Amino acid sequence: MALLQLHATTALLGDRGVLIAGDSGAGKSTLALALVRRCIFSGRFATLVADDRTDIKVCGGRILAAAPRPLAGLVEVHGLGPRSVDHERRAVVDLLVRLVEPGLAPRYQEGDFEAVAGCLVSSVALPQRQAELACSVVLSWLDLPPF
Numbered sequence: 183m184a185l186l187q188l189h190a191t192t193a194l195l196g197d198r199g200v201l202i203a204g205d206s207g208a209g210k211s212t213l214a215l216a217l218v219r220r221c222i223f224s225g226r227f228a229t230l231v232a233d234d235r236t237d238i239k240v241c242g243g244r245i246l247a248a249a250p251r252p253l254a255g256l257v258e259v260h261g262l263g264p265r266s267v268d269h270e271r272r273a274v275v276d277l278l279v280r281l282v283e284p285g286l287a288p289r290y291q292e293g294d295f296e297a298v299a300g301c302l303v304s305s306v307a308l309p310q311r312q313a314e315l316a317c318s319v320v321l322s323w324l325d326l327p328p329f
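Counting the sequence shown from 1 gives a position; this note's numbering is that position plus 182.
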């Protein structure tokens, strides 16, 4: 399958890949960095894979995410611009987080799936710009500490 580029940020939390999609300014980078910090604080490996743009391809029925070459190892810090960060070259996506307007996010998640590049992946819709709430949902969804 050909490479597909999404307006999304990807983080690797332990062995779990999280693809975070949403409009510009929705808080994709903020959420990814908050998730990475939380995991590292609890003693678990975590790092950024891609920020703002993620290259996607399907391999063996799984979604593989990577940063486009010019953006690899960079994260945009709001108000400061791009900054260098540690990163992994790629991750298998286990969860798609779609950041939506707060009124459109369901109060309780029911285990939805969404097709990405023709491959189904677990998905949750969470309110944008609410990283603290989103972190708790994502970590719980993936059975990561403290859950």
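For every residue, glycine included, the Cβ atom is placed at its ideal position computed from N, Cα and C. Since this is a predicted model, take the numbers as computed values, not measurements.
Point to revise | Terminal residues of the alpha helix (DSSP H) in which A214 lies | key: Along the sequence shown, read from residue 1 onward, the residue named residue 214 stands at position 32. For A214, the enclosing alpha helix (DSSP H) starts and ends at K210 to F223.
Point to revise | Identified DSSP bridge partners for G199 | key: Along the sequence shown, read from residue 1 onward, the residue named residue 199 stands at position 17. The secondary-structure analysis by DSSP pairs G199 across a beta bridge with L194 and V275.
Point to revise | Same chain, Cβ closer than 8 Å to Q187, neighbours up to 5 away in sequence not counted | key: What you label residue 187 is simply residue 5 of the sequence shown in a count that begins at 1. Within the same chain, Q187 has close Cβ partners R235, T236, D237, I238 and P250.
Review point. In the structure shown, what three-state DSSP assignment does A184 receive?
Key: Counting from one through the sequence shown, the residue named residue 184 turns up at place 2. Three-state DSSP puts A184 in coil, outside helix and strand.
Exercise for review: Identify the continuous beta strand (DSSP E) that holds A249 and give its terminal residues.
Suggested key: Residue numbering aside, residue 249 sits at position 67 when the sequence shown is read from its first letter. Here A249 belongs to no beta strand (DSSP E), and DSSP marks it neither H nor E.
Check your understanding: Looking only at C-alpha atoms, which of R198, A190 and F227 sits nearest to A273?
Key -> As a first step, residue 273 is located in the sequence shown; it is residue number 91 there, counting from the start. Answer by Cα proximity: R198.
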